[in-house]
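Scroll down for the structure; my scribbles are underneath it.
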Amino acid sequence: MHDGAPEHYCRNVMAYFNAAYPGQWIGSAGPTPWPARSPDINLLDFYVWGRLKSLVYASAAPNVEVLQQRIEHACGIVRNELNCLCNVQKSLRRRAQTYSQTTEKGYIIDPTIRIETGSSQPEDVNQEKINIYLPTVDYFKAKYQLEDIEVICLLFGACGVIPKFFESFRKTFELPQTLTADIITSVLKRSCQILSHHIHSV
């Protein structure tokens, strides 16, 4: 899995991955594109890097040697936090699976927060998630004895924008209107926390 760094998708690198892992790698210009601004589908972005930064930059490092020691020490702490990482994985799994025994239809629902980029983003990200989860559909249909499974991505803008796509979902599943305001408040609070963390760790 590679992000958009230029050295990750130069011709030599792509040629190697195509030869070593044909059709099986994720990255810019790869067989499975790696979408920009998508920490929700990568546990390293979802948890590890943020945790490391909070440990390493708790205070300013006076020199490179101390910085290196802090990084090594922080890696040791994160390595020992296996229970926390397991909880992150479990929470991701919980949010992705639900089904109705009466209708024999299942849903893979993936709430996602991204920086807003345009009016077509909700549909684009929804299709991206469909492509990601599609290989798992047959497994879940067999596991829960379902006739059909629908993948739904619920995109929320990092600045608190709630797309019509979500409102349609909320009405379809008869969820309370107050849920929208609660989500906006939660997203904005988390975005402010992340912004504050980045400002103070630079």
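In our numbering, the protein residues as written are 1 to 202.
C-beta atoms are modelled at their ideal positions from N, C-alpha and C, and glycine is treated no differently.
What residues are listed by DSSP as bridge partners for residue i?
i, result
"P111", "L154"
"T32", "I26"
Please work out which residues of its chain come closer than 7 Å, Cβ to Cβ, to residue i, disregarding the five sequence neighbours upstream and downstream, and give them in chain order.
i, result
"A74", "L52, L55 and V56"
"P135", "none"
In or out: residue i buried (at least 16 other Cβ within 10 Å) or exposed?
i, result
"Q89", "For Q89, the predicted structure reports a pLDDT of 48, less than 50, and the residue's modelled location is therefore unreliable. The matter cannot be settled from this model."
"G223", "The shown model of the chain, from 1 to 202, leaves out residue 223, and the question about it has no answer."
"G157", "buried"
"N12", "exposed"
"N126", "buried"
"F173", "exposed"
"I77", "exposed"
"I108", "buried"
"G30", "buried"
"R79", "exposed"
"P122", "buried"
"R114", "buried"
Between which two residues does the alpha helix (DSSP H) carrying residue i extend?
i, result
"C75", "V64 to N80"
"A58", "Taken as a continuous stretch (DSSP letters only), A58 belongs to no alpha helix (DSSP H), as it is neither H nor E."
"T117", "From DSSP, T117 is part of no alpha helix (DSSP H); its letter is neither H nor E."
"T172", "K164 to T172"
"V161", "Per DSSP, V161 belongs to no alpha helix (DSSP H) and is neither H nor E."
"Y139", "V137 to Y144"
"Y16", "R11 to A20"
So, at 6 Å on beta carbons, what are the nonlocal neighbours of residue i in its own chain, with the 5 sequence-adjacent residues on each side left out?
i, result
"F17", "W25"
"G160", "I184, V187 and L188"
"L67", "A61"
"K143", "none"
"V137", "I149"
Who are the near neighbours of residue i in its chain, counting only those whose CB is closer than 8 Å to its CB and skipping five residues on each side?
i, result
"Y139", "none"
"R70", "L55, V56 and A61"
"K105", "Y99, L146, E147, D148, I149 and E150"
"T180", "I162, F166, E167 and R170"
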